[in-house]
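Start counting the sequence shown at 14; every next residue gets the next number (our numbering).
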Amino acid sequence: MDQAHAFDDAPLPLFTAPATPGRLPSYLKDHRARLRQRFLDGGATAMPDYELLELVLFRAIPRQDVKPLARMLLDMFGDFSSVLSASRERLAGIDGVGGAVIVELKIVEAAAHRLARARVIDRPAISGWDALLAYCRTTMAHRETEQFRILFLDRKNVLIADEEQASGTVDHVPVYPREVVKRALELNASAIILVHNHPSGDPSPSEADIAVTRQIGEAARALSIVLHDHLVIGAAQEFSFRAEGYL
């Protein structure tokens, strides 16, 4: 993308510009006001995905009808979360999506991740398991490539760190057991939880997933570090190695 035009808010080719430059037609102004009021009155649960996405796009495209773009993005990616999680490269290739749109989407995505993280970091992970799963879903369920994260816990099972160990392709991520336990020792962690996602949406573990879990478990046990679980995050559900009897 040309840096000089990365945040150009000029009319985009997908839409028709207003008749009066710089002013929003009254019907669009009223529409935006109604959507904002509905959001204030009922929150996000009172709005379908395309209207919530419109609210996000209002700031990026202040003088055009954004409903067609919102619907197109949802048709392309499936749902609100998937639009936010889409890569910058894929978004930039869509007609009507400029730099300002990408920035707004990524700001909302980052805010969601930070809010979810704040609910689990420095808090007991085991007793707050639902919040932990919600955080993992928010940050990983809609990623287009595999990511392997490690949650490090202290002796009271308080989450002290959450780090990405590796990222990979759509169906593979390299993981090195020695690096996992080395990092746990550096953080003085007493326990760890492994988390990775399956972009295919199916959280069923592969043979490689099972093998690397076993290897990490053995390496951790030798150093008196507890492997609490390995979570595989899919699009709609997750797989727990411990709950399924693999640990």
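Virtual Cβ for every residue (Gly too), placed ideally from N, Cα, C.
Q. Does DSSP put Val239 in a helix, a strand or coil?
A. strand
**Q.** Reduced DSSP category for His44 - H, G, I as helix; E, B as strand; rest coil
**A.** helix
Q: Starting from Ile206, follow its DSSP beta bridges and name the residues at the other end.
A: Leu164, Asp242
Q | Inside the stretch 112 to 184 only - alpha helix (DSSP H) runs reaching at least 4 residues | A | 112 to 131, 142 to 153
**Q.** Gln50 classed as buried or exposed, judged by whether at least 16 other C-beta atoms fall within 10 angstroms
**A.** exposed
Q | For Leu41 and Asp78, the rounded distance between their alpha carbons | A | 7 Å
**Q.** Uninterrupted alpha helix (DSSP H) stretches inside the stretch 66 to 99 (no shorter than 4 residues)
**A.** 80 to 90, 93 to 98
Q. If we count the other Cβ atoms within 10 Å of its Cβ and call it buried at 16 or more, is Glu220 buried or exposed?
A. exposed
Q: Determine the contact status of Pro190 and Ile229, defining contact as a CB-CB distance below 7 Å.
A: yes
Q: Report the three-state DSSP secondary structure of Glu257 (helix, strand or coil).
A: coil
**Q.** Straight-line gap, Asp135 to Val194 (C-alpha atoms, nearest Å)
**A.** 20 Å
Q.
Short of 8 Å in beta carbon distance, which residues of its chain neighbour Leu146, apart from the five on each side in sequence? Order them along the chain.
A. Leu244, Glu251
Q: Tell me whether the beta-carbon of Ser95 lies closer than 7 Å to the beta-carbon of His44.
A: no
Q: Spell out the partners DSSP gives Glu251 in its beta bridges.
A: Ile246
Q. Which word fits Leu128, buried or exposed, when buried means at least 16 other C-beta atoms lie within 10 angstroms of its C-beta?
A. exposed
Q) So, are the CB atoms of Val69 and Val121 less than 7 Å apart? A) yes
Q | Nearest-angstrom Cβ-Cβ length linking Ala197 and Ile205, presumed shorter than 8 Å | A | 6 Å
Q. What residue from Ile163, Pro216, Leu236 has the CA that sits closest to Val208's CA?
A. Ile163
Q: On a CA-only basis, which of Ser237, Thr58, Arg101, Cys149 is nearest His211? Give me that one, please.
A: Cys149
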